[in-house]
Amino acid sequence: MATAITNISSLVTNDPSLGHGPLGIIDSAAVVIDGDRIAWVGTNSKAPATDSHLDAEGRAVLPGFVDSHSHLVFAGDRTAEFNARMEGRPYSAGGIRTTVAATRAASDAELDANVARYVAEALRQGTTTFETKSGYGLTVEDEERALRVAARHTDEVTFLGAHIVAPEYAEDPAGYVELVTGPMLEACAPHARWIDVFCERGAFDGDQARAILTAGAARGLTPRVHANQLGHGPGVQLAVELGAASADHCTHLTDADVDALASGETVATLLPGAEFSTRSQYPDARRLLDAGATVALSTDCNPGSSFTSSMAFCVALAVREMGMTPDEAVRAATFGGARALRRTDVGRVAVGARADLVLLDAPSHVHLAYRPGVPLTAAVWRAGARVL
Ligand code: NIG
Ligand code: FE
1 MATAITNISS LVTNDPSLGH GPLGIIDSAA VVIDGDRIAW VGTNSKAPAT
51 DSHLDAEGRA VLPGFVDSHS HLVFAGDRTA EFNARMEGRP YSAGGIRTTV
101 AATRAASDAE LDANVARYVA EALRQGTTTF ETKSGYGLTV EDEERALRVA
151 ARHTDEVTFL GAHIVAPEYA EDPAGYVELV TGPMLEACAP HARWIDVFCE
201 RGAFDGDQAR AILTAGAARG LTPRVHANQL GHGPGVQLAV ELGAASADHC
251 THLTDADVDA LASGETVATL LPGAEFSTRS QYPDARRLLD AGATVALSTD
301 CNPGSSFTSS MAFCVALAVR EMGMTPDEAV RAATFGGARA LRRTDVGRVA
351 VGARADLVLL DAPSHVHLAY RPGVPLTAAV WRAGARVL
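Here you go:
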């Protein structure tokens with residue numbers, strides 16, 4: 001059964017051949033959904049007759065957000081750590097251990113319910129595709145379990161056994177790298193599409209990250225890297241060299257890092273929720289865009305450094321704090337995320353694409369940044385099904 005959404009004031013397609021500007025905006029537009037796909041896109045006056053229809057009443061529609069970086073398989077809470085940080089204590093990777101202990105102690109059902117809760121929360125805010133990672137288990141059994149839980153909620157699952165060195169291996173990091181590249185990878189590879197490493201001081205250095213990502217690639221997992229979040233380091237250039245889909249965070253970049261991202265295929269995924277929640281310097285999106293890099297925006301939703309599931313909040317931060325225009329930020333949060341996940345079926349509104357749409361309670365997508373913190377999501381469709 002086909003459904004038309006008519007009377008759209010401004011439709012973001014992300015396809016410049018369909019409309020004006022890089023967002024391919026069609027003014028006075030309509031979209032037809034048939035099954036789980038977009039069947040027709042164009043101007044309102046030419047919309048075909050359909051079985052059912054919804055009048056957008058002059059409001060804006062954009063593709064569902066593509067959140068390409070989250071850590072949703074966890075238990076527990078780090079309110080006390082956040083409070084301490086807001087009193088002046090700096091963020092470090094060490095807090096991850098608190099969540100590892102809570103996650104190991106949780107039942108499968110608790111973990112499953114937690115992921116379901118945050119996925120539903122994100123969906124209500126317009127996120128129709130998301131990636132999520134393991135990384136709070138850090139034993140063979142707990143990492144595999146996290147990936148099984150994640151795979152019940154999304155097909156974009158990332159093995160992050162190399163989040164930090166497991167507490168049991170604190171005195172033997174090389175032993176932990178052997179575990180991650182050996183039995184843990186063996187158990188986890190069947191449940192994931194991607195492999196990730198937190199390449200940072202206090203987590204894994206460039207050589208360790210290279211060994212882990214290369215082993216993962218040999219087992220059919222495509223690399224993505226937590227890179228250059230807390231300081232300068234080898235992560236970004238390693239990501240580009242290994243053909244990673246994405247280098248995530250990219251907060252502390254040298255000119256050579258920016259050049260590498262601009263000339264390679266690796267997407268620069270920026271996670272402003274992390275800088276907000278750790279009260280840190282934001283990444284310079286303007287510098288990356290001006291150099292020609294592809295930029296994605298994502299929430300990094302996790303209980304430690306960025307406990308937000310709101311892509312709209314990240315868009316607003318990117319515009320206010322990172323030198324992006326509203327158009328660039330909205331594109332990065334939709335099309336950019338799809339690029340970071342190497343997906344062409346989402347992040348755009350075109351015939352044949354998955355019918356993932358957000359109707360805003362606003363006349364234009366610019367309002368996502370112009371009206372920060374305001375719940376503007378009026379309706380959401382995922383794969384053609386109305387979910388809000
Ligand atoms: O992306 N950087 C590493 N991992 C997460 C933080 C996880 C945590 O603090 O629990 C991040 O910011
Ligand atoms: Fe992260």
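The sequence shown begins at 1 in the numbering used here and counts up one residue at a time.
Glycine is no exception: its CB is placed at the ideal position from the N, C-alpha and C atoms.
On a predicted model such as this, the values are computed, not experimentally measured, just so you know.
Backbone CA spacing between residue i and residue j [nearest angstrom]
| i | j | result |
| --- | --- | --- |
| A189 | L221 | 7 Å |
| L289 | T344 | 21 Å |
| A262 | H365 | 27 Å |
| F276 | S52 | 43 Å |
| C314 | L368 | 10 Å |
| L242 | A312 | 31 Å |
| R382 | Y169 | 42 Å |
| S92 | P223 | 24 Å |
| A75 | L111 | 6 Å |
| V346 | L54 | 22 Å |
| I8 | S28 | 5 Å |
| A245 | G64 | 20 Å |
| L270 | E328 | 13 Å |
| M86 | T79 | 11 Å |
| Y136 | R145 | 10 Å |
| G323 | A260 | 20 Å |
| L23 | G384 | 22 Å |
| V319 | L11 | 20 Å |
| R279 | T308 | 14 Å |
| R386 | T3 | 11 Å |
| I33 | D108 | 36 Å |
| N302 | S45 | 45 Å |
| V100 | R342 | 29 Å |
| D255 | V31 | 43 Å |
Nearest-angstrom beta carbon gap, residue j and residue i [assumed within contact, 8 Å]
| i | j | result |
| --- | --- | --- |
| H226 | D248 | 5 Å |
| A362 | A60 | 6 Å |
| A296 | R339 | 6 Å |
| V267 | G216 | Contact flag wrong, Cβ pair sits at about 18 Å. |
| A353 | R37 | 7 Å |
| Q229 | A274 | 7 Å |
| T389 | A211 | In the structure as shown, the chain starts at 1 and stops at 388, and residue 389 therefore has no counterpart that could be examined. |
| G235 | A209 | 7 Å |
| D77 | T103 | D77 to T103, Cβ: 12 Å. No contact. |
First through last residue of the beta strand (DSSP E) which encompasses residue i
| i | result |
| --- | --- |
| I5 | A2 to L11 |
| I26 | I26 to D34 |
| L62 | S52 to P63 |
| I96 | Counting along the chain, I96 falls outside any beta strand (DSSP E), though it belongs to the alpha helix (DSSP H) covering I96 to A105. |
| S364 | It is not in any beta strand (DSSP E) - S364 carries neither H nor E in the DSSP assignment. |
| T128 | T127 to K133 |
| V225 | T222 to A227 |
Delimiting residues of the alpha helix (DSSP H) encompassing residue i
| i | result |
| --- | --- |
| D207 | G206 to A218 |
| H153 | Run containing H153: none; DSSP gives neither H nor E here. |
| S277 | P272 to S277 |
| V119 | D108 to R124 |
| G235 | G235 to E241 |
| G42 | Element bounds for G42: not the alpha helix (DSSP H) but the beta strand (DSSP E), R37 to T43. |
8 Å Cβ cutoff, residue i in contact with chain B
| i | result |
| --- | --- |
| G19 | Of the protein chains in this structure there is only one, and it is not chain B. |
TODO: Check whether the region 64–81 touches the region 117–136, counting contact only when three or more Cβ pairs, one atom from each stretch, lie closer than 8 Å.
DONE: yes
TODO: State whether the region 148–162 contacts the region 189–208, with contact taken as three or more CB pairs (one from each stretch) at a distance under 8 Å.
DONE: yes
- [ ] Determine, using beta-carbon pairs with one atom in the region 160–178 and one in the region 118–126, whether at least three such pairs fall under 8 Å.
- [x] no
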